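Peer 1:
2 protein chains.
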Amino acid sequence: MRANNVFFGIRRSLSLTSSILSPGKILNKSNMNPNVVKMEFAVLGPVASRAGEIEKELANGVKKPFPNVIRANHGDAHAMGQKPITYIRQLVACVANPSLMETDKSIPSDVIQNAKAFLGNCGGRSAGAYTQSPGVEIVRKHIAEYITKRDGGIPANWEDVCISSGTSESIRNVLKLFINDKNRKKVGVMIPIPQYPLYSASLDEFGLGQVGYYLNESSNWSLDEAELERSLKESSEKYDVRVLCVINPGNPTGQVLSRENIETIVRFAEKNNLFIIADEVYQDNVYSRESKFHSFKKVVTEMGAPYDKMEIASFHSASKGFMGECGMRGGYVEFLNMDSEVYMFYKKMISAKLCSSVLGQAVVDALVNPPKKGQPSYELWKKEGDAILASLKERAELFEKAFSKLEGVSCTQVQGALYAYPSIKIPAKAVEKARSLNQEPDFFYAMQLLETTGICIVPGSGFGQKDGTYHFRSTILPPSDLFKEMLKRFTKFHNDFLAEYK
Amino acid sequence: MRANNVFFGIRRSLSLTSSILSPGKILNKSNMNPNVVKMEFAVLGPVASRAGEIEKELANGVKKPFPNVIRANHGDAHAMGQKPITYIRQLVACVANPSLMETDKSIPSDVIQNAKAFLGNCGGRSAGAYTQSPGVEIVRKHIAEYITKRDGGIPANWEDVCISSGTSESIRNVLKLFINDKNRKKVGVMIPIPQYPLYSASLDEFGLGQVGYYLNESSNWSLDEAELERSLKESSEKYDVRVLCVINPGNPTGQVLSRENIETIVRFAEKNNLFIIADEVYQDNVYSRESKFHSFKKVVTEMGAPYDKMEIASFHSASKGFMGECGMRGGYVEFLNMDSEVYMFYKKMISAKLCSSVLGQAVVDALVNPPKKGQPSYELWKKEGDAILASLKERAELFEKAFSKLEGVSCTQVQGALYAYPSIKIPAKAVEKARSLNQEPDFFYAMQLLETTGICIVPGSGFGQKDGTYHFRSTILPPSDLFKEMLKRFTKFHNDFLAEYK
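Protein chains in written order, with this note's numbering: chain D, 506 to 1007; chain E, 506 to 1007.
(1) Out of E:I929, E:L859, E:G959, state which residue places its alpha-carbon closest to the alpha-carbon of D947 (chain E).
(2) Starting from the C-beta of A922 (chain E), find all residues in its chain whose C-beta is less than 7 Å away, skip the five residues before and the five after it, and write them out in chain order.
(3) Would you say H821 (chain D) faces chain E, with C-beta separation under 8 Å as the test?
(4) For L519 (chain D), which of helix, strand or coil comes out of DSSP?
(5) Residues of chain E with CB under 8 Å from Y635 (chain D), in chain order?
(6) Measure the C-alpha to C-alpha separation of N874 (chain D) and I648 (chain D) and round it to an integer number of angstroms.
(7) Taking contact to mean 3 or more Cβ pairs, one atom from each stretch, closer than 8 Å, check whether the segment 563-573 of chain E and the segment 798-805 of chain E are in contact.
(8) How far does the alpha helix (DSSP H) with F801 (chain E) in it reach, from first residue to last?
(9) How is A582 (chain D) classed by DSSP in three states: helix, strand or coil?
(10) Leaving out the 5 sequence neighbours to the left and right, which residues in its chain are closer than 6 Å to C860 (chain D) when beta-carbon positions are compared?
(11) If contact means a Cβ-Cβ distance below 8 Å, which residues of the segment 528-542 of chain D contact chain E?
(12) Quick check: the segment 705-713 of chain D against the segment 682-693 of chain D, are there 3 or more CB pairs under 8 Å?
(13) According to the neighbour-count rule (16 or more other Cβ atoms, all chains shown, within 10 Å of its Cβ), is G628 (chain E) buried or exposed?
(14) Determine the closest residue to R994 (chain D) out of D:A907, D:S669, D:L982, D:L720, with distance taken between C-alpha atoms.
(15) Could you give the first and the last residue of the continuous alpha helix (DSSP H) run that contains I770 (chain D)?
(16) Using beta carbons (cut-off 8 Å, strictly below), is N778 (chain E) in contact with chain D?
(17) CB-CB under 7 Å to I960 (chain E), same chain, minus the five flanking residues each way: which ones, in chain order?
(18) Give a yes or no on whether the C-beta atoms belonging to E674 (chain D) and K853 (chain E) are separated by under 8 Å.
(19) Rounded to the nearest angstrom, what separates Y837 (chain E) and S670 (chain E) at their Cα positions?
(20) Within its chain, find whatever has a CB closer than 6 Å to the CB of F451 (chain D); leave out the 5 residues flanking it on each side and keep chain order.
(21) According to the neighbour-count rule (16 or more other Cβ atoms, all chains shown, within 10 Å of its Cβ), is E937 (chain E) buried or exposed?
(22) Which runs of the beta strand (DSSP E) spanning at least 3 residues fall entirely within the segment 787-863 of chain D, listed in chain order?
(23) Just the C-alpha distance for S966 (chain D) and Y924 (chain D), rounded to the nearest angstrom, thanks.
(24) I'd like to know whether the C-beta of F988 (chain E) is nearer than 8 Å to at least one C-beta of chain D.
(25) Can you grab the Cα-Cα spacing for the pair I817 (chain E) / P660 (chain E), in whole Å?
(26) Exposed or buried, T980 (chain D), counting other C-beta atoms within 10 Å across all chains shown (16 or more means buried)?
(27) Going along the chain, which residues of its own chain have a beta-carbon closer than 7 Å to the beta-carbon of C599 (chain E), five neighbours each way excluded?
(28) Given that G628 (chain E) touches chain D, what residues does it touch there, using C-beta distances under 7 Å?
(29) Below 8 Å on the Cβ atoms is my guess for N536 (chain D) versus N685 (chain E); work out the distance and round it to an integer in Å.
(30) Can you tell me whether DSSP reads A553 (chain D) as helix, strand or coil?
(31) When the Cα atoms are used, what is the spatial distance from P603 (chain D) to G717 (chain D)?
(32) Determine the closest residue to V643 (chain D) out of D:V666, D:G657, D:G658, D:K654, with distance taken between C-alpha atoms.
(33) First and last residue of the beta strand (DSSP E) that includes Y744 (chain D)?
(34) Note down the Cα distance separating P811 (chain E) from K687 (chain D), rounded to an integer number of angstroms.
(35) From the DSSP output, which residues share a beta bridge with N721 (chain D)?
(36) Mind pulling the beta strand (DSSP E) runs of 3 or more residues that sit fully within the segment 564-612 of chain E?
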């Protein structure tokens, strides 16, 4: 992906001496934003790009040893064939084209009622008007009610909630608050390793310092207090560490943190004056019988003083759960104990982009204000959602077991989220081969897998991992038929790979 | 809006000595991103906030000398009662809920055909799947065809186009490419004064230097070469100026640049190695008979070498024109002559946020691939669009004339865009009064207008203006009945204001 500096160096110097030769560009790699050059986002990185090329080659009749690409790289349920929830799409269609509510007699009355309530909160009763920058008031209120119910009655204030076009945007907006070139030392942000690369990419882009703490693979990717202490201590000379990011349930690691583990983290953060970024977008994706989702908000509130005064930003999304409405771009952040002046500045900052997608906000409404028991849409909504969650739970076990059966591969329990994250022993000869190509060994493995089988996964090096360990992330989204096919191709490739490099 | 530093200073120092007193927040004004504290976005600034409060007060029965707020501050057509174009909403509803295409026999066949073509380009044929980060391929192709047609056959390449959730996002993404702390001097960006405050806000947020050049009010806000030279020269010691932003048709100034004027700008930019940001979101909003929209791309191409190799980013939007679909958040950027490596990094950068709103992308498709003559949706689409544009043209003249009749107010011709931007002579006593309140005189005027009449406009100080001149921006969106009412209230207030401060 990184192009040749020398070439650009040559081209630039030529442009200074001769305007006949291809002139240098005003904006080029050598003078553009160096943070943008540096940042990497592996989920849509070179492996995924190559997958797209292969799809085009297949469409153009190029012969391959496989008929299709299997995209297990991206937590994108609908792309893998998951069907949308009927209620959501009816609601969005009514909000987009309100005349349907007059003409289409098949639309359930609760859909119409909710669409009308939503539009009643929009300028000119149209989804084409800008909303207030933090979002439509009624949706923010529904979010607050949803959080209150989720946390067993601990109150949420709708004015502490801001909706965004996808959760990534909210996470990035919160991280931006910590950029401070006037700070004595560079501001550091603690992130798990492995992590979802939105974090590393955004920290690089914003010039914030990445302070990685390793998750403990041997106890199913839990957080370890000693490791948090080590990470903080070792970085404290270089960075002014002010933020702790936790992803729960974990991406790419699929763990669900226990309540005790969260309490440990909270005490660590309190002791060290850290602002907590709680990425809880997979809160509805919990499969393991022994696991339960605990929100950071609930835990700190129940821990009492001084923890209940901690500053936390918690995130949720319409892209995950059983809805999987990624393309609708609906997410939100709830702030807990945020300084009121900082919050005012936050809202001013987001106002420069006016507002988030109004139809995305309608999808968030469907997430937090679903049909109630007794309403006409309820039964179908319940049936569709339950079926998806049951199927995801089944696939979580299926993937974990199947990967663990491969030689040299072991997979921790997929307790939640949408991913299996197996570790893989890559033979020394393959490591050597990869290094000779200037590639990470698991990148080499993933690229070979793609070229040989059409299966697209993300190498562990894109998320970070302990030196000398290798992993890959596969979503659990391929439906069972496709999964069987995937497993067949994967197993053959893996065995051949081991044989070749043993 | 800016809170008291001293208070925070005190609170912070207390927190160091006593944890019993209200403790300081981990993130507070004194240690948060100073650029976020500094940035201002006047369109949704204090006047607009106060308008929101007044609306709530009215709803709660508080007595005011007016029955309602008239929001002339924001280019938000639907909020002002403009009805959506039928074709767009039918298309979006079908994309959101494809089952409608089976059940609703009233949907025209071209809507169905376009919705199916769009969904055929989506993962799993669902608007719930992520698209490629730059957007759905078929929409990018339609955009390229649209630009090609607009520019009389000058070819556009679909791969040079990236769609975003609103145009503001694309503009900010392009500006980000120029952030470079490693640069010898701070990077400077030339922006018009007056300007749309997205620019000043984003430059502040990104730590880029704002290099203002004054538009020439006496020649209907045209750009003046001598003024561009002055601005560049005076800033060159402080900044490494690399970008020239031009807004055409102008916001807030409503001018449409002549072709000669654009050629002058182009030669200036070429001579000084400036990357051009051409904000052309109002390209479909041209009202004056003598005016015509000329894209920067067409002008540089027709000027030939060396101008046809200039680097330009040009923007368009579904929020303006006759569609006014602001809430749908659909916009795009086309890059001309962008360095291929820089473009690769750009696409990597936007990939961290995955993709823009898929339904917003469908609205962009409606903008660039409207019904064709002979298709079932064509007649209605044409009738609706023409009626809106005719009505906007009428209002452009109405507003310009009406404001010019007020004593001490003069308004340049509203040739395009959605705004009148009159200059106003504020009496010395009112200026004095404003200064005593630590307010800009036109801010004081706008706030008094709001409190007295419910009319919400944006003071000229939010866009920038020559010292000692005062202006305000009013949209031309209030429909004619509301406009009559607005003018009545406005005239009385204005005369009373002059009488009070004469």
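Every residue gets a Cβ at the ideal spot worked out from N, C-alpha and C, and that includes glycine.
Here the structure is a predicted model, which is why all the values come from computation and not from measurement.
Peer 2: Taking the geometry as given:
(1) The count along the second sequence starts at 1 and reaches residue 947 (chain E) at position 442. Comparing Cα positions, the closest option is E:I929.
(2) Within the second sequence, the letter at position 417 stands for residue 922 (chain E). Result list for A922 (chain E): P754, G755, N756, G759, Y787, N790, in chain order.
(3) Here the question's residue 821 (chain D) lines up with position 316 in the first sequence. For H821 (chain D), the answer is no, since every Cβ of chain E falls outside 8 Å of its Cβ.
(4) Indexing the first sequence from 1 puts residue 519 (chain D) at position 14. For L519 (chain D), the predicted structure reports a pLDDT of 35, less than 50, and the residue's modelled location is therefore unreliable. The matter cannot be settled from this model.
(5) Residue numbering aside, residue 635 (chain D) sits at position 130 when the first sequence is read from its first letter. Here the neighbours are H579, D581, A584, C831, G832.
(6) Translated into the one-based positions of the first sequence, residue 874 (chain D) becomes position 369. Translated into the one-based positions of the first sequence, residue 648 (chain D) becomes position 143. Rounded to whole angstroms, the gap between the alpha carbons of N874 (chain D) and I648 (chain D) is 8 Å.
(7) no
(8) Taking the second sequence and counting its residues from 1, one reaches residue 801 (chain E) at position 296. 801-808 is the extent of the alpha helix (DSSP H) around F801 (chain E).
(9) Here residue 582 (chain D) corresponds to residue number 77 of the first sequence, with the count starting at 1. Three-state DSSP puts A582 (chain D) in coil, outside helix and strand.
(10) Your numbering for residue 860 (chain D) matches position 355 in the first sequence. Cβ neighbours of C860 (chain D) beyond the five flanking positions: Y635, T636, S638.
(11) P528, K530, I531, L532, N533, K534, N536, M537, N538, P539, N540, V541, V542
(12) yes
(13) Residue 628 (chain E) sits at position 123 when you count from the first residue of the second sequence. So G628 (chain E) ends up on the buried side.
(14) Within the first sequence, numbered from 1, the residue matching residue 994 (chain D) stands at position 489. Checked all of D:A907, D:S669, D:L982, D:L720; the closest Cα to R994 (chain D) is D:A907.
(15) Mapped onto the first sequence, residue 770 (chain D) falls at position 265. Unbroken alpha helix (DSSP H) run through I770 (chain D): 764-776.
(16) Position 273 of the second sequence, counting from 1, holds the residue named residue 778 (chain E). At least one chain D Cβ lies under 8 Å of N778 (chain E).
(17) Position 455 of the second sequence, counted from the first residue, corresponds to residue 960 (chain E). I575, A577, L954, M991, R994, F995, listed in sequence order.
(18) What you label residue 674 (chain D) is simply residue 169 of the first sequence in a count that begins at 1. What you label residue 853 (chain E) is simply residue 348 of the second sequence in a count that begins at 1. Contact flag unset, no.
(19) Within the second sequence, numbered from 1, the residue matching residue 837 (chain E) stands at position 332. Within the second sequence, numbered from 1, the residue matching residue 670 (chain E) stands at position 165. Rounded to the nearest angstrom, the two C-alpha atoms are 8 Å apart.
(20) This structure cannot settle anything about residue 451 (chain D), because the visible part of chain D is limited to 506 through 1007.
(21) Counting from one through the second sequence, the residue named residue 937 (chain E) turns up at place 432. E937 (chain E) should be labelled exposed.
(22) 817-822, 836-841
(23) Residue numbering aside, residue 966 (chain D) sits at position 461 when the first sequence is read from its first letter. Residue numbering aside, residue 924 (chain D) sits at position 419 when the first sequence is read from its first letter. For S966 (chain D) and Y924 (chain D), the distance between alpha carbons rounds to 16 Å.
(24) Against the second sequence, residue 988 (chain E) aligns to sequence position 483. Closer than 8 Å: no.
(25) The residue given as residue 817 (chain E) occupies position 312 in the second sequence. The residue given as residue 660 (chain E) occupies position 155 in the second sequence. The alpha-carbon atoms of I817 (chain E) and P660 (chain E) are separated by roughly 15 Å.
(26) One-based indexing of the first sequence puts residue 980 (chain D) at position 475. Label assigned to T980 (chain D): buried.
(27) Start at 1 with the first residue of the second sequence, and residue 599 (chain E) comes out as number 94. So the qualifying residues of the chain are L605, M606, I612, V616, I617, A620.
(28) Within the second sequence, residue 628 (chain E) is the residue found at index 123, counting from 1. Chain D residues near G628 (chain E): D581, H583, A584.
(29) One-based indexing of the first sequence puts residue 536 (chain D) at position 31. One-based indexing of the second sequence puts residue 685 (chain E) at position 180. Right, the Cβ-Cβ distance comes to about 7 Å (below 8 Å), so this counts as a contact.
(30) The residue given as residue 553 (chain D) occupies position 48 in the first sequence. It is helical.
(31) Position 98 of the first sequence, counting from 1, holds the residue named residue 603 (chain D). Position 212 of the first sequence, counting from 1, holds the residue named residue 717 (chain D). C-alpha separation (whole angstroms): 49 Å.
(32) Counting from one through the first sequence, the residue named residue 643 (chain D) turns up at place 138. As written in the sequence, residue 643 (chain D) is Ile, which differs from the Val given in the question. Nearest C-alpha to I643 (chain D): D:V666.
(33) On the first sequence, position 239 is the one that residue 744 (chain D) refers to. It spans 744-752 - the beta strand (DSSP E) in which Y744 (chain D) sits, taken as one unbroken run.
(34) Counting from 1 along the second sequence, the entry for residue 811 (chain E) is found at position 306. Counting from 1 along the first sequence, the entry for residue 687 (chain D) is found at position 182. C-alpha separation (whole angstroms): 42 Å.
(35) Walking along the first sequence from the start, residue 721 (chain D) turns up at place 216. Answer is D:S727.
(36) none
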